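Using numbering that gives the first Met the number 0, the letters of the sequence shown map in sequence onto residues 0 to 247. Idealized CB from N, CA, C, for every residue including glycine. None of these values were measured; they are calculated from a predicted model. Accompanying notes for the structure given below.
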Amino acid sequence: MRGRRALVTGAGQGIGFALARGLGAAGAEVLLNDVDPARLEQAVAALRGEGLVVHGRCFDVTNGADVERSVAEIERGIGPVDIVINNAGIHRRAPLESMPLELWQEVLDVNLTSAFLVTRAVVGGMIRRRAGKIITICSLNCEVSRPTIANYAAAKGGLKMLTRAMAVEWARHNIQVNGLGPGYMRTAMTGTLTIDADFDRFICARTPAGRWGEPRELIGTAVFLASRASDFVNGQILYVDGGLLAAL
Ligand code: NAP
Numbered sequence: 000m001r002g003r004r005a006l007v008t009g010a011g012q013g014i015g016f017a018l019a020r021g022l023g024a025a026g027a028e029v030l031l032n033d034v035d036p037a038r039l040e041q042a043v044a045a046l047r048g049e050g051l052v053v054h055g056r057c058f059d060v061t062n063g064a065d066v067e068r069s070v071a072e073i074e075r076g077i078g079p080v081d082i083v084i085n086n087a088g089i090h091r092r093a094p095l096e097s098m099p100l101e102l103w104q105e106v107l108d109v110n111l112t113s114a115f116l117v118t119r120a121v122v123g124g125m126i127r128r129r130a131g132k133i134i135t136i137c138s139l140n141c142e143v144s145r146p147t148i149a150n151y152a153a154a155k156g157g158l159k160m161l162t163r164a165m166a167v168e169w170a171r172h173n174i175q176v177n178g179l180g181p182g183y184m185r186t187a188m189t190g191t192l193t194i195d196a197d198f199d200r201f202i203c204a205r206t207p208a209g210r211w212g213e214p215r216e217l218i219g220t221a222v223f224l225a226s227r228a229s230d231f232v233n234g235q236i237l238y239v240d241g242g243l244l245a246a247l
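Here's what the structure looks like:
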C-alpha cells in the first residue's frame, strides 16, 4: 500500500476506524472522514500515536456540495485519492407499516446515496490517472432481511447493485469496484444487540463460526481489494461473515 492514499468514510469508530488502521499499517496514507468532529479528532490522534500517516476531514457524506468541496480540498492540499472505502452507515429500525418517510430517507441517504456522492467526487481523478480502487461496505442485508430493517435492507441491496454498476461503467478506465460484506461484527452500531442475550444466542447459533466478528477481521479483505492483487476482481461482493450466508 506504500505510496497510495485512501479515503475512508465514517472512520471515527467501528469498522471504518479498523480499516483505516489496517490500510495505514499496510503502508497507505489514510484520510479519515466522519460527521462527528470530536470522534474524528480522537481517531486521528490514536492512529498518529501508532506512527501511521493519517489526516482527518469532517464532512457529511450525504451532503453533495460538502462532499465535492471536501474531496477537492483534499486532492489540492494533500494529493490524489487512489482508494476510497464507502463505509459510513447507520441503522434506524422500525416496523415497515409505521416507518416514517424520514427514517426511510435518512437510511437510504447515508447507506446508499453517500456512496454515489463520494465516489462521483473522486472518480474523475481516477479516470484521468487510469487507476482506482473503490470499496463499498455492504452487508448480509444485501442478500437477506429481518423484520424492522426494510430501509437498511433496501439501501444495502441498492448498494450491491451500485457496486456492480460502477464496476461495469469504469472497468475500462482500470478502476475496480468491489463490495466487502461483513457478517455480524461488534461495533457501536450493534452495541445494543451484542448485550441482548437472546439476540447474542441467536447470532452465535446462526453463524457457523459460532461467534460475532471483530472489525479487525475485515482488514485482510479490505487490503486485498485495495491492492494490485485484486486488479482483475471487479463487481464482486466478498462476504466476511463466519460462514453465515452459506448456512440454512
Ligand atoms: P458505527 O460503529 O456506527 O460507525 C459508523 C460511523 O459512520 C460513525 O462514526 C458515524 O458517525 C459515521 N457516520 C454516520 N453518518 C455519517 C455521515 N452522514 N457522514 C459521515 N460519517 C457518518 O458502524 P459500523 O458497525 O462500524 O458500520 C460501518 C459500516 O459497516 C456501515 O456501512 C454498516 O452498515 C456496515 N456493516 C456493519 C455491520 C456490523 O455488524 N457492525 C455489519 C454489516 C455491515 P455517527 O455515529 O456520529 O453517526
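In this structure, the C-beta of Asp195 stays at least 7 Å away from each heavy atom of ligand 1. Rounded to the nearest whole angstrom, the CA to CA distance from Phe16 to Leu31 is 8 Å. In terms of side-chain proximity, the C-beta atom of Ser138 is found nearer than 7 Å to a non-hydrogen atom of ligand 1. Straight-line measurement puts the Cα of Gly11 at about 9 Å from the Cα of Ala37. As the crow flies, the alpha-carbon of Thr118 is around 12 Å from that of Ile174. With fewer than 16 neighbouring CB atoms inside 10 Å of its own CB, Asp35 falls in the exposed class. For the set Glu213, Val83, Gly63, Arg1, the Cα lying nearest the Cα of Leu116 is the one of Gly63. Looking at the DSSP output, Gln175 shares a beta bridge with Lys132. Looking from the CA of Gly21, the closest CA among Leu224, Ala164, Thr162 belongs to Leu224. Between the C-alpha atoms of Pro99 and Glu67 there is a straight-line separation of about 29 Å.
For Tyr151, the three-state secondary structure derived from DSSP is helix. In the three-state scheme derived from DSSP, where H, G and I count as helix and E and B as strand, Arg3 is classed as coil. For Asn140, the three-state secondary structure derived from DSSP is helix. Just so you know, the alpha carbons of Arg205 and Gly212 end up roughly 13 Å apart. When only Cα atoms are considered, Thr189 and Asp195 end up about 10 Å apart. Per DSSP, the beta bridge partners of Cys57 are Asp33. In the DSSP assignment, Ile73 falls within the unbroken alpha helix (DSSP H) covering 63-76.
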